[in-house]
Amino acid sequence: MLLFIEQSLNGLQLGLLLFLLAAGLTLVFGIMDLVNLAHGSLYMLGAYFAATFAALTGSFVGAIFLALFATLLVGMAVELIALRRLYGRDHLDHVLGTFGLILFSNEMVRLIWGPAGMNLPLPPWLNVPLQILPGVYYPSYRLLIIAVALFVAVLLYLVVMRTRIGMLIRAGASNREMIGALGINIKLLYTFVFGIGAALAGLAGMMQAPILTVQIGMGENILILAFVVIIIGGIGSIRGAFVAAILVGLIDTVGRAFLPDVLKLFLSNSAASTAGPALSSMLIYLVMAVILVMRPEGLFPAASK
Amino acid sequence: MSRLFTVRNVVVVALLIFLALVPFFAVLTGNAFLTTLFTRIVILAIAAVSLNLIMGFGGMVSFGHAAYLGIGGYAVGILAYEKVTSAFIQWPVALVACAIFALITGALSLRTRGVYFIMITLAFAQMIYYVGVSLDRYGADDGLTIYTRSQFAGLINLSNRTVFYYFCFACLMGTIYLVWRMVNSRFGMVIQGARSNDRRMRSIGFPTYRYRLVCFVIAGVLCGLSGVLLANQADFISPATMHWTRSGDLIVMAVLGGMGSVIGPVMGAVALLVLEETLPHIIGAVGGFVTGKSMVAAKEYWALILGPMLLLVVLFARGGIDGLLRRFGRD
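Quick note, the sequences are listed as chains A and B, same order. Residue numbers for the first sequence, in this note's numbering: 1 to 305. Residue numbers for the second sequence, in this note's numbering: 1001 to 1331.
Structural data, given as structure tokens:
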């Protein structure tokens, strides 16, 4: 039971991180109709920036804010220089162009930071286990991730649903010509949205950095997970992304922890220990396939265009 | 259409003649590596042509095509590991396995459209990737070394570098011919019609779902053949063969070469892999010339050039190399 609570919290934490990545991805897709494979590179950049600034300034929180700002700028620069020209093109062109960007940014990171990974050490006040239930301890840093991600999710919801800029974003998603005709600078709006998406991806990367090593290609596997999330959730829907992210996070973590044991009930020990890890890595893709077969547009299809 | 001696046709014929003569160049230059490199290129060209069949002509952008490279390769690797080295058993098993996988995943994937299709094919490929990672008996993450290449009962010796090259070349020619015939047949017309307007095709009475599914399976089997050859060429198979970036590479080859034609992806495969091989040297040489220092370290960073180049191709050279050549001929 203790293990179950702990694994559920881990799942929730992974899910919320995925949401930060998926939110940017789904915003960019929903509004600019752009498939951005290079989103994982922004995640990686966020982590590298945070590790660098932490080493320079010695302050963890300061490094996070500096890195956020830096990823925002990089995101906007990439949009201005390259991606802006891809809007309105075929999705295949997006896949290819942003695939090229992945190659470029991986090499760029190698050139600047070198092939070895980096570490982002946690400050002591974040590195203590907290008692969340009588007898149940959980690392404080992971709790912080959950809190920050939830805060960002609420903030994002409020910005999109309750502010003028959010209204423009939603209007841009449903009819881009019309809001252009109403005198809104649509290009500026796009650059802004892309920058926000980049900063969210960077935030996910830098929060994950103290747990994993900061290394080249770290964004690639989690990018695929983020795509699974936005596909399950329905492309363009932030609410869908949130539900799907939590779902994927929980299924993946809890599946990895318990599936081998569950299989042992049906199979021999050796068969279960071979099939277990394979099946649990496949689990979310299975879920995605089943959901797509039942609902080809995802759980929460965005309003028809 | 009517002119035979366009720039494009001359280039295509020259490329094919060059490919046919690679082992001779290798002997002339005394560089055996040339044959090895081009064997790899020819094998991956088969995969790119097969992907182009569904992507370029069928409008089905599969982001999981490398799965078939892996299935074909693992069929050879696992059977060889279990002491079954006869190609007459290995190859049919590999191709049937690919057909079954394509049939199941295609039947499910083809219910979706657009980006959803791209992502669901990716998801299925990831599943197969993790199956490969979990094959403890067959090397798991580290992969499986294949000690004996497929045996054709003494008829063809795949261990001979030149024989193996010509065998792969013949497979490529066969694949191109097959795809070309298919694309220009009634079947191909239905597939292309479904790409342009699926609803219209259905309303004039074609069960496009079935046509597309058959096309998807054929492409899977052809790519499986490429996987079988690739495993034989490398004497090795590992999950990395099925990594999603490998599927990306195949898409790059097809788009870089030009999706509008059957032969385009071959040009793409040659261009991409030759660039991969020579860019490090070019960077090293140019860098050394400009700075006057040894730029050995710079050689590692060839992807720094390749990445933006892809972006430029997407932005300015629609239709890929083949499209460029056609335009060049017209002016």
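All C-beta atoms in this analysis are idealised placements derived from N, C-alpha and C, irrespective of residue type, glycine included. What you are looking at is a predicted structure, and each value in this text was computed from that prediction instead of being measured.
Asked, Found
"Can you give me the C-alpha to C-alpha distance between B:Leu1272 and B:Gly1106, rounded to a whole angstrom?", "28 Å"
"In angstroms, rounded to a whole number, what distance separates the CA positions of A:Gly180 and A:Ile196?", "20 Å"
"Apart from the five residues just before and just after B:Ala1045, which ones in its own chain have a Cβ nearer than 6 Å to its Cβ?", "Leu1172, Val1266, Ala1269"
"Which stretch, first to last residue, makes up the alpha helix (DSSP H) that contains A:Ile232?", "218–233"
"Could you tell me which chain B residues have their CB closer than 8 Å to the CB of A:Val293, listed as they occur along the chain?", "Leu1108, Arg1111"
"The alpha helix (DSSP H) spanning A:Leu200 covers which residue range?", "186–208"
"Counting only C-beta atoms, is A:Phe266 closer than 8 Å to chain B at any point?", "no"
"Please return the same chain residues whose Cβ sits closer than 7 Å to the Cβ of A:Ser242, not counting the five positions on each side in sequence.", "The sequence shown places Phe at residue 242 of chain A, not Ser. The answer, listed in chain order, is Phe19, Ala153."
"Spatial neighbours of B:Arg1202 within its chain, please: CB distance less than 6 Å, with the 5 preceding and 5 following residues excluded, ordered by chain position.", "Thr1208"
"Cβ of B:Gly1220 within 8 Å of Cβ of B:Ala1099?", "yes"
"In the DSSP assignment, find the unbroken alpha helix (DSSP H) run with A:Pro115 in it and report its ends.", "From DSSP, A:Pro115 is part of no alpha helix (DSSP H); its letter is neither H nor E."
"Taking DSSP as the reference, what is the three-state secondary structure of A:Leu267?", "coil"
"What does A:Ile224 touch in chain B if you count any residue whose Cβ is under 8 Å from its own?", "Leu1122, Gln1126, Trp1244"
"Determine the direct distance from the alpha carbon of A:Gly234 to that of A:Met32, and round the result to whole angstroms.", "16 Å"
"How long is the line joining the alpha carbons of B:Leu1256 and B:Leu1250, rounded to whole angstroms?", "10 Å"
"Can you tell me which of the three DSSP states A:Phe350 falls into?", "Nothing about residue 350 of chain A can be read from this structure; chain A reaches only from 1 to 305."
"Within the 8 Å Cβ cut-off, does B:Pro1280 reach chain A?", "no"
"By alpha-carbon positions, which one of B:Ile1128, B:Leu1155, B:Leu1324 ends up nearest to A:Leu283?", "B:Ile1128"
"Taking the straight line between their C-alpha atoms, what separation do you get for A:Ala147 and B:Ile1305?", "41 Å"
"According to DSSP, simplified to helix, strand and coil, what is A:Pro134?", "coil"
"Could you check if A:Glu177 is buried or exposed, using at least 16 other CB atoms within 10 Å of its CB as the buried criterion?", "exposed"
"So, at 8 Å on beta carbons, what are the nonlocal neighbours of A:Val35 in its own chain, with the 5 sequence-adjacent residues on each side left out?", "Phe29, His91, His94, Val95, Thr98"
"Find the nearest neighbour of A:Ile5 within the set A:Ala199, A:Gly298, A:Ala171, A:Gln131, judged by alpha-carbon distance.", "A:Gln131"
"Shorter than 8 Å from the beta carbon of A:Tyr285 to some beta carbon of chain B?", "yes"
"On the three-state DSSP scale, how would you describe B:Thr1029?", "helix"
"Drop a sphere of 10 angstroms on the beta-carbon of A:Glu312, count the other beta-carbons inside from all chains shown, and report buried for 16 or more, exposed for fewer.", "Since the first and last residues shown for chain A are 1 and 305, residue 312 of chain A lies out of range."
"Mind the definition here: the segment 1101–1120 of chain B touches the segment 1213–1227 of chain B only if three or more C-beta pairs lie below 8 Å; say whether that holds.", "yes"
"Using the Cα positions of A:Met190 and B:Arg1181, report the straight-line distance between them to the nearest angstrom.", "Reading off the sequence shown, one finds Tyr at residue 190 of chain A, where the question assumed Met. Each residue's alpha carbon lies about 45 Å from the other."
"For B:Phe1236, which residues does DSSP report across the bridge?", "B:Thr1145"
"Suppose contacts are defined by Cβ-Cβ distances below 8 Å. Is A:Met206 in contact with A:Met44 by that definition?", "no"
"Taking the DSSP output, what are the residues bridged to A:Pro129?", "A:Pro139"
"Can you tell me which of B:Ala1254, B:Phe1033, B:Thr1241 puts its alpha carbon nearest to the alpha carbon of B:Asp1142?", "B:Thr1241"
"Tell me B:Ser946's beta-bridge partners as DSSP assigns them.", "No answer is possible for residue 946 of chain B: it lies beyond the span of chain B, which begins at 1001 and ends at 1331."
"Strictly under 8 Å for the Cβ-Cβ distance: is B:Met1267 near chain A by that measure?", "no"
"Against chain A, which members of the segment 1043–1060 of chain B pass a CB distance test of less than 9 Å?", "Met1055"
"Name the residue from B:Ala1234, B:Leu1325, B:Val1286 whose alpha carbon lies nearest to the alpha carbon of B:Arg1040.", "B:Ala1234"
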